[in-house]
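**Student:**
Protein chains: 4
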Amino acid sequence: MGDISFSNGTSNGNGNAVGGQRKSCWYEEEIEENLRWCFALNSILHTGASQYQDIQLLDTKPFGKALVIDGKLQSAEIDEFVYHESLVHPPLLSHPNPKTIFIMGGGEGSTAREILRHKTVQKLVMCDIDQEVVEFCKSYLAVNREAFCDPRLELVINDARAELERREELYDVIIGDLADPIEGGPCYQLYTKSFYEFTVKPRLSKGGIFVTQAGPAGIFSHTEVFSCIYNTLRQVFSHVVPYSAHIPSYADTWGWVMASDFPLMLNADELDLRIKLRIKGENRYIDGKTFTSASTLSKAVRNSYG
Amino acid sequence: MGDISFSNGTSNGNGNAVGGQRKSCWYEEEIEENLRWCFALNSILHTGASQYQDIQLLDTKPFGKALVIDGKLQSAEIDEFVYHESLVHPPLLSHPNPKTIFIMGGGEGSTAREILRHKTVQKLVMCDIDQEVVEFCKSYLAVNREAFCDPRLELVINDARAELERREELYDVIIGDLADPIEGGPCYQLYTKSFYEFTVKPRLSKGGIFVTQAGPAGIFSHTEVFSCIYNTLRQVFSHVVPYSAHIPSYADTWGWVMASDFPLMLNADELDLRIKLRIKGENRYIDGKTFTSASTLSKAVRNSYG
Amino acid sequence: MGDISFSNGTSNGNGNAVGGQRKSCWYEEEIEENLRWCFALNSILHTGASQYQDIQLLDTKPFGKALVIDGKLQSAEIDEFVYHESLVHPPLLSHPNPKTIFIMGGGEGSTAREILRHKTVQKLVMCDIDQEVVEFCKSYLAVNREAFCDPRLELVINDARAELERREELYDVIIGDLADPIEGGPCYQLYTKSFYEFTVKPRLSKGGIFVTQAGPAGIFSHTEVFSCIYNTLRQVFSHVVPYSAHIPSYADTWGWVMASDFPLMLNADELDLRIKLRIKGENRYIDGKTFTSASTLSKAVRNSYG
Amino acid sequence: MGDISFSNGTSNGNGNAVGGQRKSCWYEEEIEENLRWCFALNSILHTGASQYQDIQLLDTKPFGKALVIDGKLQSAEIDEFVYHESLVHPPLLSHPNPKTIFIMGGGEGSTAREILRHKTVQKLVMCDIDQEVVEFCKSYLAVNREAFCDPRLELVINDARAELERREELYDVIIGDLADPIEGGPCYQLYTKSFYEFTVKPRLSKGGIFVTQAGPAGIFSHTEVFSCIYNTLRQVFSHVVPYSAHIPSYADTWGWVMASDFPLMLNADELDLRIKLRIKGENRYIDGKTFTSASTLSKAVRNSYG
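Chains as they are written, first to last, in the numbering used here: chain A, 52 to 357; chain B, 52 to 357; chain C, 52 to 357; chain D, 52 to 357.
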């Protein structure tokens with residue numbers, strides 16, 4: 052690597068300038084048991100706890116305000132738009148005319164915010180199990196305040212599965228914004244073939260689309276849950292599209308999977324046209340070209356599919 | 052979050068056990084270039100800045116509230132009494148009847164608090180150069196609030212040397228509660244032979260005693276500044292007593308040096324008697340036996356004296 | 052010690068579970084001033100120093116053997132193939148018949164290794180300024196040992212610019228595997244318009260292609276040097292193609308830029324065909340689809356171009 | 052505190068100088084769950100594992116070579132003499148003529164090394180349960196090599212209790228160099244009243260002395276095990292002397308307790324005389340004055356005794 056080391060983004064050197072107050076407090080996360088990711092802190096804005104988990108809102112130097120739950124980064128002010136635009140816009144844009152949407156989870160409010168930018172949306176149900184987390188985000192995440200007040204939003208505090216089974220109306224798009232399916236974790240049951248087949252699919256309207264966040268999708272990390280979610284959905288739906296994007300604050304590439312029993316519209320130019328016609332305001336991440344690239348997985352990831 | 056938090060690739064599901072709120076935020080200090088000391092954080096209570104330095108009040112898990120200036124721990128709620136009792140009581144108790152006291156520095160207020168526990172004290176001048184630090188501590192360090200309001204206290208914002216030279220009255224005890232004498236540091240001049248000889252000594256009353264914090268005094272760290280301060284004072288005063296104590300939050304043994312041109316009273320039983328007679332409330336650290344031990348330095352430290 | 056080890060106050064008895072050998076040693080890198088990336092260590096295999104820089108070969112738990120120069124990760128065993136396949140194969144495959152190649156830098160040997168997999172290559176000049184780094188990698192990076200012995204390789208220890216100006220023959224592909232252009236850094240001059248125009252271009256044969264690593268290319272980090280290198284090359288060459296890939300051990304997406312005065316062949320199927328015909332062994336990262344995705348930049352990155 | 056913060060020993064500032072290789076690798080230890088102590092590393096010299104524990108020999112920048120077992124620092128080259136001189140010399144010097152010694156644990160060899168400096172010693176039994184640790188220290192701790200070869204040393208691999216009960220001869224001094232009595236830990240049984248009364252005491256010769264390391268003895272940490280060991284021994288022996296010393300690499304003050312049914316000789320001048328007469332070479336830490344100070348506990352520690 053050359054005449055001398057290429058610095059990968061490091062710009063330290065001025066011990067004094069970067070010392071002192073500016074670097075004495077840190078947020079530290081174990082990405083894996085043997086891998087740590089540490090952000091310098093400006094302050095710890097708010098802390099709380101629900102019956103399910105601990106909640107913190109931190110002000111970090113590299114990524115701005117960060118929502119941390121049980122010691123794990125949920126989303127960072129500076130780049131949460133990559134996650135939420137990727138989760139929401141591809142399925143809504145692929146649908147000819149999405150009017151009714153159901154979010155499993157999403158209590159942070161950012162997923163609702165992106166959905167409500169779509170002029171076609173008439174009704175949005177957000178079903179999160181943790182009231183305290185929802186209240187915490189309502190109070191402290193200014194960027195989502197408007198979404199929480201939108202008359203089209205119906206907020207329900209309940210288990211997503213129970214709620215879907217309880218309801219009778221159909222949805223044009225159902226979105227899974229849930230914790231990864233950790234063996235024995237709270238969301239494991241919400242990623243199973245039977246859940247998709249007997250709970251999700253029956254609640255999709257004709258031409259309806261299901262999308263879920265699908266965990267890390269890096270050249271190595273995609274084997275944790277991403278490949279498995281993709282392969283499960285392929286057993287339930289006839290059209291399945293996995294895609295991914297690098298999210299700086301996660302120190303990894305993240306994945307999503309879109310699925311339907313009807314062909315998915317993915318043409319770049321048509322996506323750009325629909326963005327112009329249907330979405331209020333300017334996307335920061337998703338457009339036709341970006342989605343084309345995001346939905347073309349690298350050889351290293353493709354190889355681990357059956 | 053909860054049912055719905057998307058975990059960003061963190062595979063250890065048990066947030067509370069492994070990480071969780073309790074251990075994700077840390078205060079980190081470089082004790083030396085190659086040695087770090089890290090406290091888990093509950094919160095960052097207050098931050099401020101003066102023309103001279105950055106100020107933080109942290110709530111730490113191992114040591115309670117901690118005052119940090121320019122990224123260096125000044126004092127921790129749980130054990131600052133060791134530092135301040137050691138700085139104040141030996142000189143005041145060694146003096147037959149200390150009425151007037153002068154503190155160089157001490158803006159935190161804890162040194163004044165300990166001095167004002169002495170019933171003999173009639174007048175106390177605290178001279179700190181940094182108004183903002185003093186205001187910060189006044190507002191946030193509840194434990195010193197009473198001291199800041201004591202009518203015997205005269206608070207002056209000025210350079211300690213200039214103030215001592217400006218004044219004409221004499222003091223029974225003069226206390227140096229200043230930053231270590233770092234070459235080129237702001238306090239370097241306040242540890243020199245000429246400063247002691249021509250500025251401090253002339254302001255001591257008959258039988259007067261000077262004491263100063265003297266930096267780290269561990270078996271290795273005492274060579275940084277402690278030995279040098281001790282040796283300097285021996286050139287200026289006829290009676291000089293160095294002593295030390297381990298302060299957990301400093302991760303080191305700390306040192307102080309007491310000096311006078313009159314014999315210093317150090318008898319353990321007599322010290323205990325004077326403590327009972329003169330000091331309001333109960334000492335937590337200093338008594339006769341403790342001082343006997345503190346003023347008997349280990350062979351490793353004694354060996355580096357001329 | 053077991054029965055006999057005196058534990059120095061550590062109260063968690065279960066060494067293996069909580070800490071133990073597996074997690075007590077860490078490699079820590081400052082990705083940016085306020086961002087740290089830490090790998091658990093198995094061992095520090097080798098350390099060395101040249102007149103230019105410090106060199107370490109570490110055995111890390113998350114990424115395998117890691118080459119670190121001046122405290123910055125150069126490449127990690129587990130994913131260096133992403134960086135080196137991306138640097139080498141797109142330009143060589145876009146060229147109809149690459150016979151002669153020149154590497155500026157590349158002392159690690161991995162770039163040469165990937166080039167020498169191309170059956171068309173008859174002559175490869177690797178010009179690195181740091182003899183010690185080259186010797187270090189020759190001795191310790193087994194994966195590149197064969198490449199260092201390949202008769203087609205001519206290894207030169209010299210400044211890349213001086214060497215290119217000294218030589219008269221032309222090259223089908225010139226590769227920049229150099230440190231990022233840090234203001235005042237050693238490689239800054241090797242990323243300038245005049246260097247590309249008057250030193251590189253004259254040494255390219257008809258249809259020749261230049262490629263360079265171009266630093267971080269994340270949605271935020273691409274503004275550091277990637278955009279600037281891309282814009283500079285557009286002033287010198289008529290066909291310029293930027294592309295990027297996420298490299299886990301760098302905790303970022305990385306960028307490369309390919310440039311030529313002749314149209315670049317980028318068709319995915321044709322690339323796959325040429326891979327089959329021209330490259331010995333199987334690529335782990337680059338194929339037609341992967342390159343199509345890699346060379347389609349996201350909206351967030353495209354937006355910062357003039 | 053004062054005109055500006057007093058730096059407690061921090062001397063950072065030169066980002067570049069201290070960056071790079073010199074600071075990228077760290078040993079990290081959790082002193083407590085919320086408190087970390089980190090040493091910059093030069094290298095990881097040796098690693099091993101026994102049926103009981105993991106073993107590492109590290110080369111650290113602040114404290115030299117460090118023996119780490121199950122992720123916990125056992126002893127550091129630079130200051131292990133404080134621990135081992137404090138454990139060995141006070142009991143041996145208090146005894147009129149110590150000929151036979153028994154060490155429970157001590158596999159590192161440093162305790163034996165200090166004992167064998169005493170000219171009066173004719174026989175030393177070291178009983179450690181972990182053969183691998185003993186072999187590891189024999190091979191790698193050059194400083195103890197001579198001790199391991201001393202003909203007076205009888206090395207036994209066995210459980211200390213079983214060995215003491217098996218033997219019939221008596222010892223002038225029995226030394227406990229064992230892990231702290233952690234509830235459920237391997238050494239818990241070796242700190243009980245019944246063990247002292249029925250296993251240790253019967254093996255002491257007339258005038259015999261027992262000593263044990265007694266864990267952290269800081270103003271707060273002494274309540275973990277130190278006070279409890281002291282109080283237990285007071286129920287079994289008529290003369291009990293606790294003492295302590297700050298050990299820099301432990302980031303704490305450490306404690307030991309000496310006990311006998313015969314009065315213990317503690318006069319400082321007599322201790323100095325016996326050191327001169329009986330000990331080969333020069334002590335680095337223990338002398339009469341040092342022991343007087345070490346055995347005079349501070350008020351904060353004394354207060355927690357019945």
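C-beta: ideal position from N, C-alpha, C; glycine also.
(1) Can you grab the Cα-Cα spacing for the pair Leu-143 of chain C / Ala-100 of chain B, in whole Å?
(2) Go through its chain and collect everything with a Cβ distance to Arg-87 of chain B's Cβ below 8 Å, but skip five positions before and after it.
(3) Which partner residues of Glu-81 of chain D appear in the DSSP bridge assignment?
(4) By how many angstroms is the C-alpha of Lys-331 of chain D removed from the C-alpha of Pro-253 of chain B?
(5) Apart from the five residues on each side of it in sequence, which residues of its chain come closer than 7 Å, Cβ to Cβ, to Lys-123 of chain C?
(6) In whole angstroms, give me the CA-to-CA distance for Leu-138 of chain B and Cys-238 of chain D.
(7) From the DSSP secondary-structure annotation, give me the bridge partner or partners of Gln-107 of chain B.
(8) Unbroken beta strand (DSSP E) runs of length 3 or more, entirely within the segment 192 to 251 of chain B: which are they?
(9) Gly-339 of chain B lies in the alpha helix (DSSP H); which residues open and close that run?
(10) Taking 8 Å as the cut-off, decide whether the C-beta atoms of Val-292 of chain C and Leu-315 of chain C are in contact.
(11) Go ahead and pull the three-state DSSP assignment for Val-262 of chain D.
(12) Restricting to runs no shorter than 3 residues, where is the beta strand (DSSP E) found entirely within the segment 272 to 338 of chain A?
(13) Rounded to whole angstroms, what is the Cα-Cα separation between Gly-160 of chain C and Arg-285 of chain C?
(14) Chain F partners of Glu-186 of chain A, CB-CB under 8 Å?
(15) Can you find the residues in the same chain that come closer than 6 Å, C-beta to C-beta, to Asp-312 of chain C, ignoring five residues on each side of it along the sequence?
(16) Closest to Gln-264 of chain B by C-alpha separation, out of B:Thr-250, B:Val-207, B:Ile-225, would be which residue?
(17) By alpha-carbon positions, which one of C:Arg-196, C:Ala-319, C:Asp-228, C:His-140 ends up nearest to His-169 of chain C?
(18) At a CB-CB cut-off below 7 Å, which residues of chain A make contact with His-297 of chain C?
(19) Any heavy atom of the ligand FAD within a distance shorter than 7 Å of the CB on Tyr-239 of chain D?
(20) With a threshold of 8 Å between beta carbons, is Ala-345 of chain A in contact with chain B?
(21) In this structure, what does DSSP give as the bridge partners for Lys-174 of chain B?
(22) Given this structure, state the Cα-to-Cα distance separating Glu-19 of chain C from Phe-271 of chain A, to the nearest angstrom.
(23) Between the alpha carbons of Leu-109 of chain B and Asp-105 of chain A, how many angstroms are there, rounded?
(24) Determine the burial state of Tyr-242 of chain D: buried for a count of at least 16 other Cβ atoms within 10 Å of its Cβ, exposed for fewer.
(25) Round the Cβ separation of Val-276 of chain A and Asp-231 of chain A to the nearest angstrom and send it over; I've been treating them as touching at under 8 Å.
(26) At 8 Å on the CB atoms, spell out the chain D contacts of Tyr-336 of chain B, in chain order.
(27) Does DSSP put Gly-64 of chain D in a helix, in a strand, or in coil?
(28) With a threshold of 16 other CB atoms inside 10 Å of the CB of Arg-217 of chain A, please say whether the residue is buried or exposed.
(29) Buried or exposed, going by whether 16 or more other CB atoms sit within 10 Å of the CB of Ser-295 of chain A?
(30) Determine, for Arg-87 of chain C, whether the minimum Cβ-Cβ distance to residues of chain A falls below 8 Å.
(31) Does Ala-193 of chain C pass the burial test, meaning 16 or more other C-beta atoms within 10 Å, or should it be called exposed?
(32) Whose Cβ in chain B lies nearer than 7 Å to the Cβ of Ala-91 of chain D?
(33) Closer than 7 Å, Cβ to any Cβ of chain B: which residues of the segment 107 to 119 of chain D, in chain order?
(34) Would you tell me roughly how many angstroms separate the C-alpha atoms of Ile-152 of chain C and Phe-114 of chain A, rounded to the nearest one?
(35) Tell me whether the beta-carbon of Asp-130 of chain C lies closer than 8 Å to the beta-carbon of Ile-260 of chain C.
(36) For a quick check, are the C-beta atoms of Gly-339 of chain C and Asp-228 of chain C less than 8 Å apart?
**Tutor:** Taking the definition as stated:
(1) As a first step, residue 143 of chain C must be located in the third sequence, where it is residue number 92. As a first step, residue 100 of chain B must be located in the second sequence, where it is residue number 49. One alpha carbon belongs to Leu-143 of chain C, the other to Ala-100 of chain B, and they sit about 56 Å apart.
(2) What you label residue 87 of chain B is simply residue 36 of the second sequence in a count that begins at 1. Here Arg-87 of chain B has Glu-79, Glu-80, Glu-81 as same chain residues with Cβ atoms under 8 Å from its own Cβ, once five neighbours each way along the sequence are excluded.
(3) Within the fourth sequence, the letter at position 30 stands for residue 81 of chain D. Its beta-bridge partners are D:Arg-87.
(4) Start at 1 with the first residue of the second sequence, and residue 253 of chain B comes out as number 202. Start at 1 with the first residue of the fourth sequence, and residue 331 of chain D comes out as number 280. When rounded, the distance between both Cα atoms is 51 Å.
(5) Within the third sequence, residue 123 of chain C is the residue found at index 72, counting from 1. Same-chain partners within the cutoff: Glu-80.
(6) In the second sequence, residue 138 of chain B corresponds to position 87, counting from 1. In the fourth sequence, residue 238 of chain D corresponds to position 187, counting from 1. One C-alpha to the other measures close to 41 Å.
(7) Here residue 107 of chain B refers to the residue found at position 56 of the second sequence. Partner(s): B:Thr-98, B:Val-119.
(8) Entirely contained in the segment 192 to 251 of chain B, the beta strand (DSSP E) runs reaching 3 residues are, in chain order, 204 to 208, 222 to 228.
(9) Walking along the second sequence from the start, residue 339 of chain B turns up at place 288. Counted as a single uninterrupted DSSP element, the alpha helix (DSSP H) harbouring Gly-339 of chain B occupies residues 339 to 345.
(10) Locating residue 292 of chain C in the third sequence gives position 241, counting from the first residue. Locating residue 315 of chain C in the third sequence gives position 264, counting from the first residue. In this structure, Val-292 of chain C places its C-beta atom within 8 Å of the C-beta atom of Leu-315 of chain C.
(11) Within the fourth sequence, numbered from 1, the residue matching residue 262 of chain D stands at position 211. In the displayed model, Val-262 of chain D falls within a strand according to three-state DSSP.
(12) Entirely contained in the segment 272 to 338 of chain A, the beta strand (DSSP E) runs reaching 3 residues are, in chain order, 290 to 298, 303 to 311.
(13) Counting from one through the third sequence, the residue named residue 160 of chain C turns up at place 109. Counting from one through the third sequence, the residue named residue 285 of chain C turns up at place 234. The alpha-carbon atoms of Gly-160 of chain C and Arg-285 of chain C are separated by roughly 29 Å.
(14) The structure shown contains no chain F; the protein chains it does contain are A, B, C and D.
(15) One-based indexing of the third sequence puts residue 312 of chain C at position 261. Excluding sequence neighbours, Asp-312 of chain C sits near Phe-288, Ser-289.
(16) Position 213 of the second sequence holds residue 264 of chain B. Closest by alpha carbon: B:Ile-225.
(17) Within the third sequence, residue 169 of chain C is the residue found at index 118, counting from 1. Residue nearest to His-169 of chain C within the set C:Arg-196, C:Ala-319, C:Asp-228, C:His-140 is C:His-140 (criterion: CA-CA distance).
(18) Start at 1 with the first residue of the third sequence, and residue 297 of chain C comes out as number 246. Residues of chain A passing the Cβ test: Gly-269, His-297, Thr-304.
(19) The model on display carries no ligand, and the ligand FAD is accordingly not part of it.
(20) The sequence position of residue 345 of chain A within the first sequence is 294, counting from 1. The beta carbon of Ala-345 of chain A does not come within 8 Å of any beta carbon belonging to chain B, so the residue lies off that interface.
(21) Sequence index remark: in the second sequence, residue 174 of chain B carries index 123 (1-based). By DSSP's assignment, Lys-174 of chain B forms a beta bridge with B:Thr-151.
(22) Since the first residue shown for chain C is 52 and the last is 357, residue 19 of chain C is missing from the structure and cannot be characterised.
(23) Reading the second sequence from its first residue, position 58 is the one you call residue 109 of chain B. Reading the first sequence from its first residue, position 54 is the one you call residue 105 of chain A. The C-alpha of Asp-105 of chain A is placed about 20 Å away from the C-alpha of Leu-109 of chain B.
(24) Taking the first residue of the fourth sequence as position 1, residue 242 of chain D is located at position 191. Burial call: buried.
(25) Residue numbering aside, residue 276 of chain A sits at position 225 when the first sequence is read from its first letter. Residue numbering aside, residue 231 of chain A sits at position 180 when the first sequence is read from its first letter. Contact between Val-276 of chain A and Asp-231 of chain A holds, with the beta-carbon distance rounding to 5 Å and staying under 8 Å.
(26) The sequence position of residue 336 of chain B within the second sequence is 285, counting from 1. Chain D residues near Tyr-336 of chain B: Ile-270, Ser-349, Lys-350, Ala-351.
(27) On the fourth sequence, position 13 is the one that residue 64 of chain D refers to. Only weak support exists for where Gly-64 of chain D lies, its pLDDT of 28 falling under 50; the coordinates are left without a value.
(28) On the first sequence, residue 217 of chain A is found 166 positions in, with the first residue counted as 1. Classification of Arg-217 of chain A: exposed, given that the 10 Å Cβ count is below 16.
(29) Here the question's residue 295 of chain A lines up with position 244 in the first sequence. Ser-295 of chain A counts as buried, since at least 16 other C-beta atoms from the protein chains shown sit within 10 angstroms of its C-beta.
(30) The residue you call residue 87 of chain C lines up with position 36 of the third sequence. At a cut-off of 8 Å between beta carbons, Arg-87 of chain C contacts chain A.
(31) Stepping through the third sequence from its first residue, residue 193 of chain C is reached at position 142. With fewer than 16 other Cβ atoms within 10 Å, it is exposed.
(32) Taking the fourth sequence and counting its residues from 1, the one referred to as residue 91 of chain D is at position 40. Correct list: Asn-85.
(33) Contact annotation: in the segment 107 to 119 of chain D, residues whose CB is within less than 7 Å of a CB in chain B are Lys-112, Pro-113.
(34) Counting from 1 along the third sequence, the entry for residue 152 of chain C is found at position 101. Counting from 1 along the first sequence, the entry for residue 114 of chain A is found at position 63. One C-alpha to the other measures close to 41 Å.
(35) Position 79 of the third sequence, counted from the first residue, corresponds to residue 130 of chain C. Position 209 of the third sequence, counted from the first residue, corresponds to residue 260 of chain C. Contact flag unset, no.
(36) Position 288 of the third sequence holds residue 339 of chain C. Position 177 of the third sequence holds residue 228 of chain C. Asp-228 of chain C is positioned such that its CB atom lies no closer than 8 Å to that of Gly-339 of chain C.
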